[in-house]
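Written out below as structure tokens is the structure these notes cover.
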Amino acid sequence: MKNRKTTPARVMLYVFMFLVLILMLVPFLWLVLSSFRPNADLFNAPFEAPKHLSFDNYIAVMKSHPMVLYFLNSVVIAALATVLSICAATLASYAMMHKFRTKKALTVLLFMCLFIPTNAFMVPYYVMINKIGLYDSVLGIALVYAGVNLPMSFMVIKGYMDTIPLELLESAKIDGADSGQAFRKIVLPISKPGIVTACVFLVINSWNELLFANLLNQSDSSRTIQVAIRSFLTTFEANYAYAFAAMVISILPTIVIYALLTDKIIGGMTAGAVKG
Amino acid sequence: MKKRQTLLYMAPAVVLIVAFFLFPLCYLIYLSFFEWNGLGEKIFIGIDNFKYIVSDPVFRTALKNTIIWLLAALFIHIPFGLLLALILNRKPKGWKFMRVMYFIPNVISTTAVAFLWYFIYHVDVGLLNNMLKAVGLGRLTHAWLNDPGTALVCNIVPFVLYAGLTMIIFLTQLSTIPKELYEAAVVDGATSIQVDLKVYLPLVKPAIITNIMLNLAFCLRTFEYPFLMTGGGPANSTMNLSLYIYKEMVGANRYGISMAAGLVTVLLGMVIMVFVNILQKERKSHYEK
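In order, the protein sequence lines correspond to chains V and Y.
Per my numbering, the very first residue in the first sequence carries number 31; after that it's consecutive.
Per my numbering, the very first residue in the second sequence carries number 3; after that it's consecutive.
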């Protein structure tokens, strides 16, 4: 595109781009700003230049609820789910580099699972997790996340491993490496970007999930931050400013991860999407 | 690699798939033929659960609304994402920045987004009503989420608007299209819009298929928007399948009915998947010609 003239069409394009940007992000800016304002101001002067900005709402929320515990629960669940799911998906993707009888069937099965609306499994998951005694525990929620997200992790990681030439494995075999060595020394390093991308997706998905975290939780000991802010909708009915502060706390980690790993996330989409 | 070793590598994934997909699916089908309150005895009642949901107006609304969600994804959300991608694909100044910004809402939890929009639509403190008042359109202010006429649309708006992920999938596909095609078309005198329609659009078909599958799967699973913004109300006008399953289970303790609705949801997902796969096959044979 050599001739970049400022034509009316080009101006329109920029106007449209900025309009979309404003529409998408202004609500979030409003949320962040509101979380620093006293509740009374939100009702009385929603559009005045905010005069009383303070951390009061945040302090109040932290004092009235065990936010640190909820936060830690979310971290532990996201970490456990990610480790479990990614390990299983990586090993399976490596196995898929080899020929075996049920390979085709298993690939199709995993692909189909990607599109099964797992929300339909509320009762089975609830009964299963109860039966193995993990109701109201972080482990129970993490297990469900690991399972539900496995097809997605598998697709991302397999997408990467598919780009590894099989000759590499052949030559490693000739050099006397066993399958475990080939996996650790060759396949794992090459597919690292794919694994990292899958990890980021899993952490974000697990952090953000509400339905199963809500269904399998009873007490503070396993309550995630998402379930907590949901309960704020009812308990903070009158004080929206507190609720806003709680929401900002819940959003912050994913925004930080996104800011740090933008390239990994957006670049990682490339691997899976191109194959269509 | 020896057969036994391969199986060993597959084992963890197979265990997870059996535990969280195959077994639950069988259990779901089994339960849908029983009357059960979650604690007491399960009573076999044949297809009575299905008879009940078919005649339940709430279930019908849930099914209808889920289909409206699917249609909104197909005809508004995906075209919007494609439009954004085609615009950024022209590489205007700052396109990389825009790409990063448009994606932000997609990393934020649906819980927070639904909660945020609940407040945007709020009668008193809401951004929407206050904006309308500020620009002198006070007569248009509305109890958006309390009116059965507007509640469902209000539920769907944030999903339709946050098309960042859809856009990225299109952009990725667009970036694989060789530059020569664009240049050749320009030499032949095509305008930018003609290039978009005649060159790029046919070549992003694989991304369209991917997006249709991902977004339809998302719509079948969507739960947070109606659950947090309206609780399925007013007058069940925002009820969808996920919320119906949840309410029959947690609210009404009718596990059998909940699972009958679950089975319908799973079947709907499978029908869509088969249909999209047929589309994909047609695309492939089209290429081979």
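By construction, the Cβ of each residue, glycine as well, lies at the ideal position given by its N, Cα and C atoms.
Computed from a predicted model, the values in this text were never measured in an experiment.
- Among the residues facing chain V, Ala145 of chain Y is not included, as its CB has no counterpart in that chain under 8 Å away.
- Counting only residues of its own chain and dropping the five nearest sequence neighbours on each side, Leu245 of chain V has a CB closer than 8 Å to the CB of Met152, Tyr155, Tyr156.
- Met241 of chain Y and Leu9 of chain Y have their C-alpha atoms some 44 Å from each other.
- Ala237 of chain Y places its beta carbon 8 Å or farther from that of Phe61 of chain Y.
- For Leu164 of chain V, same chain residues with a beta-carbon under 6 Å away, outside a window of 5 residues either side, are Gly170 in chain order.
- Secondary structure note for Gln211 of chain V: its alpha helix (DSSP H) is the uninterrupted segment 209 to 212.
- The continuous alpha helix (DSSP H) containing Gly177 of chain V extends over residues 168 to 191.
- Cβ neighbours of Glu37 of chain Y within its own chain (closer than 6 Å, five residues either side excluded): Ile45, Ile47, Gly258.
- At a C-beta separation below 9 Å, Tyr164 of chain Y has these neighbours in chain V: Met54.
- The three-state reading of DSSP puts Phe61 of chain Y in helix, counting H, G and I together.
- Asn91 of chain Y and Thr284 of chain V have their C-alpha atoms roughly 27 Å apart.
- Of the candidates V:Val113, V:Ser94, V:Arg260, V:Arg260 places its Cα closest to the Cα of Leu240 of chain V.
- Counting C-beta pairs closer than 8 Å gives three or more between the region 211 to 229 of chain Y and the region 152 to 165 of chain Y, which meets the contact rule.
- Each residue's CA atom was taken as its position, placing Leu114 of chain V and Val115 of chain Y some 28 Å apart.
- Excluding five sequence positions before and after Lys133 of chain V, the CB atoms of its chain that fall closer than 7 Å to its own CB belong to Met126, given in chain order.
- Contact of Phe46 of chain Y with chain V is not assigned, every C-beta pair being separated by 8 Å or more.
- Assigned with DSSP and collapsed to three states, Glu239 of chain V falls in coil, not helix or strand.
- Within the DSSP bridge table, the entry for Phe46 of chain Y names Y:Phe36 as partners.
- Counted as a single uninterrupted DSSP element, the alpha helix (DSSP H) harbouring Thr137 of chain V occupies residues 133 to 143.
- Collapsing the DSSP output to three states places Tyr120 of chain Y in a helix.
- The straight-line gap separating the alpha-carbon atoms of Ile247 of chain Y and Phe35 of chain Y is approximately 15 Å.
- Linking Leu129 of chain Y to Asn235 of chain V through their CA atoms gives a straight-line distance of about 28 Å.
- DSSP places Ser177 of chain Y in the uninterrupted alpha helix (DSSP H) bounded by 166 to 177.
- Residue state for Met127 of chain V is assigned as coil, using DSSP reduced to three classes.
- Taking Pro219 of chain V as reference, the option from V:Met191, V:Ala111, V:Phe274, V:Leu51 with the minimal CA-CA separation is V:Met191.
- Collapsing the DSSP output to three states places Ser94 of chain V in a helix.
- Taken through DSSP and simplified to helix, strand or coil, Asp149 of chain Y comes out as coil.
- If you look at Pro208 of chain Y, you'll find it in the alpha helix (DSSP H) that goes 207 to 223.
- At least one C-beta of chain V is nearer than 8 Å to the C-beta of Gln7 of chain Y.
- Here the region 144 to 151 of chain Y makes contact with the region 228 to 236 of chain Y; the two share three or more CB pairs at distances below 8 Å.
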